[in-house]
Amino acid sequence: MARFTLPRDLYHGKGALEALKTLKGKKAFVVVGGGSMKRFGFLDKVVSYLQEAGMEVKLFEGVEPDPSVDTVMKGAAAMTEFGPDWIVSIGGGSPIDAAKAMWTFYEYPDVTFEDLCIPFNFPTLRTKAKFCAIPSTSGTATEVTAFSVITDYKKGIKYPLADFNITPDVAIVDPELAETMPKKLTAHTGMDAMTHAIEAYVSTLHCEYTDPLALHAIELISEYLIPSYNGDMNARAKMHDAQCLAGMAFSNALLGIVHSMAHKTGAAYSGGHIVHGCANAMYLPKVIRFNAVEPEAQKRYANIARFLHLEGSTDAELVDALIAHIQNMNKQLDIPTCIKDYEGGIIDEKEFMEKLPTVAELAVGDACTGSNPRSINPEQMAKLLKCCYYDEEVDF
Numbered sequence: 001m002a003r004f005t006l007p008r009d010l011y012h013g014k015g016a017l018e019a020l021k022t023l024k025g026k027k028a029f030v031v032v033g034g035g036s037m038k039r040f041g042f043l044d045k046v047v048s049y050l051q052e053a054g055m056e057v058k059l060f061e062g063v064e065p066d067p068s069v070d071t072v073m074k075g076a077a078a079m080t081e082f083g084p085d086w087i088v089s090i091g092g093g094s095p096i097d098a099a100k101a102m103w104t105f106y107e108y109p110d111v112t113f114e115d116l117c118i119p120f121n122f123p124t125l126r127t128k129a130k131f132c133a134i135p136s137t138s139g140t141a142t143e144v145t146a147f148s149v150i151t152d153y154k155k156g157i158k159y160p161l162a163d164f165n166i167t168p169d170v171a172i173v174d175p176e177l178a179e180t181m182p183k184k185l186t187a188h189t190g191m192d193a194m195t196h197a198i199e200a201y202v203s204t205l206h207c208e209y210t211d212p213l214a215l216h217a218i219e220l221i222s223e224y225l226i227p228s229y230n231g232d233m234n235a236r237a238k239m240h241d242a243q244c245l246a247g248m249a250f251s252n253a254l255l256g257i258v259h260s261m262a263h264k265t266g267a268a269y270s271g272g273h274i275v276h277g278c279a280n281a282m283y284l285p286k287v288i289r290f291n292a293v294e295p296e297a298q299k300r301y302a303n304i305a306r307f308l309h310l311e312g313s314t315d316a317e318l319v320d321a322l323i324a325h326i327q328n329m330n331k332q333l334d335i336p337t338c339i340k341d342y343e344g345g346i347i348d349e350k351e352f353m354e355k356l357p358t359v360a361e362l363a364v365g366d367a368c369t370g371s372n373p374r375s376i377n378p379e380q381m382a383k384l385l386k387c388c389y390y391d392e393e394v395d396f
C-alpha cells in the first residue's frame, strides 16, 4: 500500500493571498524570514487579512537562510507563550521549513530533535494548531510537502525532516510574491524544482499519481525557467505553479542522492555554504550519469527526454541528451559546472578532500538515499562527490 498526501486546500493565481480572510480561528502566529516580504508589503497584507478574519496576530521575524535548530527552538517557545490555533509562514523555503519544525515542538514540547530526525517518526499534529504556507520563491515547494530541512551549525549537518504530519493544511501559491525574486535566486530555486521533479520521476517510490505531476513540472520548467530568469513575469508565474507541481510529486515519491549530496555538502565547509538549489543543479548531471547504469533508471530518464522532444534514437542517446539539456540550462542560468568553481572557488580543495570520506558516509545515510534508483556505498559516493568537485566524468 502506498500513500499520496497533499494540503486540503491550495489557493493559486494572482490575488490568492486574500484567501487568508477565510481562515477560521482566534490567534495566528506568523513566521517570516529576513525582511523582503515586509519590504514589498506582503507581510502587512498577511497581517491585515488575518485580522480581517478576526484573529489576533503575532509575528516571528528573522528566520535565517538554512534555518537553525536554535531558531526553531526560539520560535517554538514563542508559540507556546502565544498559543495560536493557526501557524502561518510566508517567504522562501527557510521560514516555512522552520515553522513546520516549530509547530511540532509547540504541540509536543518534550519531543527531541533526534526523534524527529528519524524519517516518518513525528507525533500526530493538529492537536493545537493548523498550518498555512505561503511561498515567495519558486523552488522548494515546501508549501505542499512532507519535508523540512533544518541545519545544525554546531555539527555542520543539514537534517531533512520527513513526515506526512507536516504537510500544510493550506497552501497559498500567489505568483505576485515570486515577482520579487532576484535573478540568482530565480536560477537556483528553479533548478531545485527541476531536480525535485526529475528525482521524483525516477525514484523507486514513483507511482501513477506522481508521474504525471513530475513530467508536467519538468516540461514547464524546461520551457519557462530561462525566460523567468530573464525577467518575464508571465514565465515567473508559470514557474511558481511548476515548482508546486514538482513538490506534489516528490513529497509522495521522495527524492534521491542529488539531494542527499546537497544536504551533506551544504554546510560542511568553512569557506561558506553551498546554496541548496545551486548544489542540486551542479550535481544533477553527474547523478543522472551514475544512476543510468541501472536499466530501469536509464529507461525513465529516456522517457523524460522523449517527453521534452529531445533527440536520440536509443535510451542511452536520450540520457545523453537529457544531461546536455540540463547542462545547457545551467550555462544559461550562470550556474557553475562544479564545486571547485562555485562562487569563485570558496570551497577549499584540501578541506574538501579531507572531509570527503565523512561527507560521503553522511550522504549515504541521508533520508533521500533510500529511494534513489541505484544503490550506492560510501566509496562510490566519495568518487561521485569528487567528480562533482572537479567536473570529472562519471564512469562507474
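The sequence shown runs 1 to 396 under full-length UniProt numbering. Glycine included, each C-beta is placed from N, C-alpha and C at the ideal position.
Within 10 Å of its beta-carbon, does residue i have 16 or more other beta-carbons around it, so buried, or fewer, so exposed?
i, result
"Asn330", "buried"
"Val173", "buried"
"Glu349", "exposed"
"Ile339", "buried"
"Lys264", "buried"
"Gly266", "buried"
"Glu176", "buried"
"Gly251", "The displayed chain sequence assigns Ser, not Gly, to residue 251. The residue is buried, with at least 16 neighbouring Cβ atoms inside 10 Å."
"Met233", "exposed"
"Thr22", "exposed"
"Phe290", "buried"
"Asn165", "buried"
"Ala367", "buried"
With respect to the alpha helix (DSSP H) encompassing residue i, which residues constitute its N-terminal and C-terminal limits?
i, result
"Ser148", "Ser148 -> not in any alpha helix (DSSP H); beta strand (DSSP E) instead, spanning 147-152."
"Ile226", "211-229"
"Ile18", "With the sequence shown as reference, residue 18 is identified as Glu, and Ile is not the correct amino acid for it. Neither: Glu18 is in no alpha helix (DSSP H) and is coded neither H nor E."
"Glu56", "Here Glu56 belongs to no alpha helix (DSSP H); instead the beta strand (DSSP E) covers 56-60."
"Lys45", "42-52"
"Ala28", "Not the alpha helix (DSSP H): Ala28 falls in the beta strand (DSSP E), residues 27-32."
"residue 402", "Since the displayed the chain opens at 1 and closes at 396, residue 402 lies outside it and no answer follows."
"Ala141", "Taken as a continuous stretch (DSSP letters only), Ala141 belongs to no alpha helix (DSSP H), as it is neither H nor E."
"Asp115", "113-116"
"Leu125", "Careful: Leu125 lies outside any alpha helix (DSSP H) and carries neither H nor E."
"residue 471", "Here the chain covers residues 1 to 396 and nothing more, so residue 471 does not appear."
Just the Cα atoms here: how many angstroms apart are residue i and residue j?
i, j, result
"Trp103", "Thr189", "25 Å"
"Leu215", "Ile198", "8 Å"
"Ser138", "Leu254", "19 Å"
"Ile134", "Ile90", "5 Å"
"Val127", "Leu59", "Residue identity check: residue 127 is Thr in the sequence provided, not Val. The straight-line gap from Cα to Cα measures roughly 21 Å."
"Gln332", "Ile221", "13 Å"
"Leu225", "Tyr159", "28 Å"
"Ala262", "His276", "6 Å"
"Phe29", "Leu245", "27 Å"
"Ser68", "Ala101", "10 Å"
"Ile257", "Met55", "43 Å"
"Pro119", "His259", "15 Å"
"Ala129", "Thr186", "32 Å"
"Ala76", "Asp110", "12 Å"
"Asn230", "Lys183", "8 Å"
"Ile323", "Glu52", "50 Å"
"Ser203", "Asn280", "16 Å"
"Pro123", "Tyr108", "8 Å"
"Glu351", "Val394", "22 Å"
"Tyr106", "Ala146", "18 Å"
"Ile304", "Lys74", "43 Å"
"Leu17", "Phe42", "9 Å"
"Cys387", "Ile326", "17 Å"
"Ala19", "Gly13", "11 Å"
"Ile150", "Ser313", "43 Å"
"Val63", "Ser148", "14 Å"
"Cys132", "Leu310", "39 Å"
"Thr112", "Leu308", "45 Å"
"Tyr342", "Asn372", "25 Å"
"Ala235", "Glu354", "43 Å"
Counting along the chain, where does the beta strand (DSSP E) carrying residue i start and finish?
i, result
"Cys132", "130-135"
"Pro160", "157-162"
"Asp70", "Careful: Asp70 lies outside any beta strand (DSSP E), inside the alpha helix (DSSP H) at 69-82."
"His196", "Run containing His196: none in the beta strand (DSSP E); it sits in the alpha helix (DSSP H), 183-202."
"Ser371", "Taken as a continuous stretch (DSSP letters only), Ser371 belongs to no beta strand (DSSP E), as it is neither H nor E."
"residue 423", "No answer is possible for residue 423: it lies beyond the span of the chain, which begins at 1 and ends at 396."
"Ala2", "Run containing Ala2: none; DSSP gives neither H nor E here."
Is any heavy atom of the ligand HEM found at a distance shorter than 7 Å from the C-beta of residue i?
i, result
"Ile257", "The ligand HEM is not part of this structure, which contains no ligands at all."
Please check if any C-beta of chain C sits within less than 8 Å of the C-beta of residue i.
i, result
"Ser138", "This model lacks chain C altogether; it includes just one protein chain."
Between the stretch 35-49 and the stretch 73-86, are three or more C-beta pairs nearer than 8 Å? Not touching, per the Cβ criterion.
Threshold first: 4 residues or longer. Then list the alpha helix (DSSP H) segments lying entirely within the stretch 332-368, N to C. Entirely contained in the stretch 332-368, the alpha helix (DSSP H) runs reaching 4 residues are, in chain order, 349-364.
If we count Cβ pairs, one from each stretch, closer than 8 Å, do we get three or more for the stretch 270-286 versus the stretch 224-242? The answer is no - the stretch 224-242 does not touch the stretch 270-286, with fewer than three Cβ pairs under 8 Å.
Say whether the stretch 359-367 touches the stretch 377-389, bearing in mind that this needs 3 or more beta-carbon pairs closer than 8 Å, one atom from each stretch. Note that the stretch 359-367 touches the stretch 377-389; at least 3 beta-carbon pairs, one per stretch, sit closer than 8 Å.
Could you tell me which uninterrupted alpha helix (DSSP H) segments, each at least 4 residues in length, are contained entirely in the stretch 249-327, listed from first to last along the chain? Counting only runs of 4 or more, we get 257-265, 276-291, 295-307.
Between the stretch 312-319 and the stretch 287-302, do three or more beta carbon pairs fall short of 8 Å? Yes, the stretch 312-319 is in contact with the stretch 287-302.
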